[in-house]
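Before any comments, here is the structure.
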Amino acid sequence: MEPRASIIDNLFRSRKNLPRPTGDHEEPAEEGGCGVTGFIASVPVSGRHIYEPSVQMHNRGNGKGGGIAAVGISAESLGVPQDILDTHYLLQIAFLDPESRKSVEAGYIDGLLEVFKAEKVPTVENYRDVEGLTVRPPDVWRYFVRVKPSHLDRFMSENNLKGMDPLRAEDEFINQNSFRLNREFYASTGKQHAFVLSHGKNIMVLKIVGYAEQVAQYYLLENFKAHGWIAHQRYPTKGRVWHPGGAHPFIGMHEALVHNGDFANYHAVSEYLKQHGILPLFLTDTEVSILLFDLLNRTFGYPLEYIIEAMAPTTEYDFDLLPPEKQRVYRHIQSCHLAASPDGPWFFIIARNDVCKKCFQLIGITDTAMLRPQVFALQEGEVQIGLICSEKQAIDATLQSLSSEDPRFEPIADRYWNARGGSAADGGAFIFSVTDTEGKDSGKRLTCTNKFGEPVRINGHLTSSAGPILLTGPTADRVLKEAFEKPTLGSVETLMARCREFLGGACDENGLRAFCKKLEAAAESG
Numbered sequence: 000m001e002p003r004a005s006i007i008d009n010l011f012r013s014r015k016n017l018p019r020p021t022g023d024h025e026e027p028a029e030e031g032g033c034g035v036t037g038f039i040a041s042v043p044v045s046g047r048h049i050y051e052p053s054v055q056m057h058n059r060g061n062g063k064g065g066g067i068a069a070v071g072i073s074a075e076s077l078g079v080p081q082d083i084l085d086t087h088y089l090l091q092i093a094f095l096d097p098e099s100r101k102s103v104e105a106g107y108i109d110g111l112l113e114v115f116k117a118e119k120v121p122t123v124e125n126y127r128d129v130e131g132l133t134v135r136p137p138d139v140w141r142y143f144v145r146v147k148p149s150h151l152d153r154f155m156s157e158n159n160l161k162g163m164d165p166l167r168a169e170d171e172f173i174n175q176n177s178f179r180l181n182r183e184f185y186a187s188t189g190k191q192h193a194f195v196l197s198h199g200k201n202i203m204v205l206k207i208v209g210y211a212e213q214v215a216q217y218y219l220l221e222n223f224k225a226h227g228w229i230a231h232q233r234y235p236t237k238g239r240v241w242h243p244g245g246a247h248p249f250i251g252m253h254e255a256l257v258h259n260g261d262f263a264n265y266h267a268v269s270e271y272l273k274q275h276g277i278l279p280l281f282l283t284d285t286e287v288s289i290l291l292f293d294l295l296n297r298t299f300g301y302p303l304e305y306i307i308e309a310m311a312p313t314t315e316y317d318f319d320l321l322p323p324e325k326q327r328v329y330r331h332i333q334s335c336h337l338a339a340s341p342d343g344p345w346f347f348i349i350a351r352n353d354v355c356k357k358c359f360q361l362i363g364i365t366d367t368a369m370l371r372p373q374v375f376a377l378q379e380g381e382v383q384i385g386l387i388c389s390e391k392q393a394i395d396a397t398l399q400s401l402s403s404e405d406p407r408f409e410p411i412a413d414r415y416w417n418a419r420g421g422s423a424a425d426g427g428a429f430i431f432s433v434t435d436t437e438g439k440d441s442g443k444r445l446t447c448t449n450k451f452g453e454p455v456r457i458n459g460h461l462t463s464s465a466g467p468i469l470l471t472g473p474t475a476d477r478v479l480k481e482a483f484e485k486p487t488l489g490s491v492e493t494l495m496a497r498c499r500e501f502l503g504g505a506c507d508e509n510g511l512r513a514f515c516k517k518l519e520a521a522a523e524s525g
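FYI, numbering that gives the first Met the number 0 numbers position 525 of the sequence shown as 524, with every residue one higher than the one before it.
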């Protein structure tokens, strides 16, 4: 096995042969207060549940771009065996010009890839049947593919990658093939016939000129099941705001990213990527965000903690609070990557299939200044779910939609919290991971950790059928009895004082819930 540094150098050399994009000096489209939402559960859930939070954040978009990604997809929803879903690349290509499909397949699929299955993604018959949709979405074709062994062997030989893991080399082949396809058939400043939506394993992306909820409607995702979903409402304000490839999510390899915010150093990050043979095509800082993540992850092989540190570095007092060994490592990371760290208000949600670890993930990363809204939530119990959104109302809309269909989900999360990027306490980033359970049970379980790998815990799972709660402070019954036993003009003030006393005691979420129910019952009884 060759040293990793040698493999990395050879990867960079292989990318120098990629065609150079035109319009290198074009400015990226600027985006305002976009809306991002995502969730991942221990069981597959239907696409209708990404529809509701998208509607809640409709006003965070302006109809210029909406998109959805799904990870950990049900094999039944795709009509393929599970082993095919696990081992094959799920290549989705958007055809803006349906006549271009023959040329695309002839140049980038038929001769290079083994195709297990190819099909057109189903849609409604007439796009005008989707209320408010004014631009016809592209036809999308889905291909389950592997690189032909002869072509993979030639690719590895020509680029001195024989010492590389063949599966990782195949990833690189697919990635470069997608770039060449996009370069020939889609350019943000020129011709637009077709482009790759996604090409990873067990992850897919759909996006349109419109709103995220219209994606779910047009491509018939209501009953399409996956463990994880993310969505984006785009609000571009300047630049080439109209081209369909500019909508989120954007892809790396086996991950998709949505983003709220903008970069002050888009040009610097783009130049850093170009130095490593990575050439942005779609003129948006969201694209360079996921390309940077992919470089740190797939090329440099950094663990997730180090990737997050490179993108959202720990500074000043937070850095001083870190253990000495972590300071030493982070100092090296920053010396190499600080110049390419995204600068400006931003918030990332990433849906990821960690193929090597057999793990589906939802990752939320916040900027160090907390300049974009973000809320995290976790619910545990018989099934588990983690949620990340721009707004709490989108989280609640998701849970209410899920609980109305599946009683294992509750309409309220067990815990809600915000994050601060670069925090010494938790790193300002959180990862929800869905993995196989151990033992005879063949199901999956969701866990939540922070940037440092430390578990995020809750005080206790809330259920709508929770029984009486024992409290260590004053009980709800006594508080209400004292407040109502003398109907005087001061009874309201007395009630308020008793409530403050109660809430100031040892009251957890369950205790507060029980108290509110008793207060509601007392009010109804007069």
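The C-beta atom is built at its ideal place from N, Cα and C for all residues, glycine as well.
Considering only the beta carbon of each residue, do Val526 and Val257 sit closer than 8 Å?
Because the chain here runs from 0 to 525, residue 526 falls outside it and cannot be looked at.
Residues that Thr365 bridges to, as DSSP identifies them:
Phe346
### Query
Any heavy atom of the ligand SAH closer than 7 Å to the Cβ of Gln216?
Among the components modelled here there is no ligand, and therefore nothing to report on the ligand SAH.
- Would you list the one or two residues that DSSP bridges to Ser45? Lys224
With a CB to CB cut of under 7 Å and the five nearest residues on each side skipped, what residues in its chain are close to Phe11?
-> His275 and Gly276
Which residue wins for smallest C-alpha separation from Gly34, given the options Gly421, Ile394, Ser402 and Thr434? Ile394
Handout entry: Cβ-based neighbour list, Val129, same chain, cut-off 7 Å, excluding 5 preceding and 5 following
Key = Val123, Gln213, Gln216 and Tyr217
Note down, in chain order, each residue of its chain lying with its Cβ closer than 7 Å to the Cβ of Tyr305, except the 5 sequence neighbours on either side. Ile332
From Met203 to Val70, what does the alpha carbon distance come to, in whole angstroms? Separation of Met203 and Val70 (C-alpha to C-alpha, rounded to the nearest whole angstrom) is 7 Å.
Between Met552 and Asn174, is the Cβ-Cβ spacing less than 8 Å? The question about residue 552 has no answer here: the residues shown for the chain are numbered 0 through 525.
Exposed or buried, Ala263, counting other C-beta atoms within 10 Å across all chains shown (16 or more means buried)? exposed
| Going by other Cβ atoms of all chains shown within 10 Å of its Cβ, with 16 needed for buried, is Cys447 buried or exposed? | With 16 or more Cβ atoms within 10 Å of its Cβ, Cys447 is classed as buried.
>> Suppose the cutoff is 7 Å on Cβ atoms and the five residues either side in sequence are ignored; what does the same chain contact list for Asn9 look like?
In response: Asn158, Asn159 and Leu160
C-alpha gap between Met155 and Lys15, whole angstroms: 15 Å
* The beta strand (DSSP E) enclosing Tyr415, as first and last residue numbers -> Judged by DSSP secondary structure, Tyr415 falls within the beta strand (DSSP E) whose first and last residues are Arg414 to Trp416.
task = Grab me the residues of Tyr329's own chain with a C-beta within less than 8 Å of its C-beta, minus the 5 sequence neighbours each way, in chain order.
result = Glu308, Pro312, Thr313, Phe318 and Leu321
Quick one: complete beta strand (DSSP E) runs, 3+ long, within the stretch 150-218?
193-197 and 202-207
### Message
Among Ser288, Arg141 and His48, whose alpha-carbon lies nearest the alpha-carbon of Phe223?
### Response
In terms of CA proximity to Phe223, His48 leads the group Ser288, Arg141 and His48.
**Q.** Own chain, CB closer than 6 Å to Asp425, minus 5 neighbours either side, in chain order
**A.** For Asp425, where only same-chain residues beyond five positions count, the Cβ hits under 6 Å are Asn449.
Looking only at its chain, what residues have a beta carbon closer than 8 Å to the beta carbon of Pro165, apart from the 5 residues adjacent to it on each side?
Leu151 and Met155
>> Rounded to whole angstroms, what is the Cα-Cα separation between Asp435 and Leu518?
In response: 43 Å
Reference Asp342, options Leu77, Tyr50, Val79 and Asp261, closest by Cα | Asp261
With DSSP as the reference, identify every bridge partner of Lys119, one or two as the case may be. Trp140
Determine the contact status of Lys147 and Leu180, defining contact as a CB-CB distance below 8 Å. no
Gln81 versus Asn201, Leu219 and Arg3, residue with shortest Cα-Cα distance: Asn201
Beta strand (DSSP E) segment containing Lys443, residue limits | Under the DSSP assignment, Lys443 falls in the beta strand (DSSP E) whose first and last residues are Lys443 to Asn449.
- prompt: From Pro279 to His247, what does the alpha carbon distance come to, in whole angstroms?
  reply: 14 Å
Stretch-stretch touch, CB-based, cutoff 8 Å, three pairs: the stretch 89-97 with the stretch 364-384:
no
**OP:** Kindly indicate the opening and closing residues of the beta strand (DSSP E) around Gln378.
**Re:** Val374 to Gln378
Same chain, Cβ closer than 6 Å to Val268, neighbours up to 5 away in sequence not counted
Val287 and Ala339
Which same chain residues end up closer than 6 Å to Leu77 when comparing Cβ atoms and leaving out the 5 residues on each side of it in sequence? none
query = Buried or exposed: where does Pro60 fall if 16 or more other Cβ atoms within 10 Å of its Cβ makes it buried?
reply = The question names Pro, but residue 60 in the sequence shown is Gly. By the 10 Å Cβ count, Gly60 comes out buried.
#### Entry: Extent of the continuous alpha helix (DSSP H) to which Phe318 belongs
Glu315 to Leu320
Exercise for the section: State the Cα-Cα distance for the pair Leu398 and Ala412, rounded to the nearest angstrom. Expected result: The C-alpha of Ala412 is placed about 8 Å away from the C-alpha of Leu398.
With DSSP as the reference, identify every bridge partner of Ala230, one or two as the case may be.
Thr36 and Ile67
* **Outcome for Ala350 when other beta-carbon atoms lying within 10 angstroms are tallied against a minimum of 16** => buried
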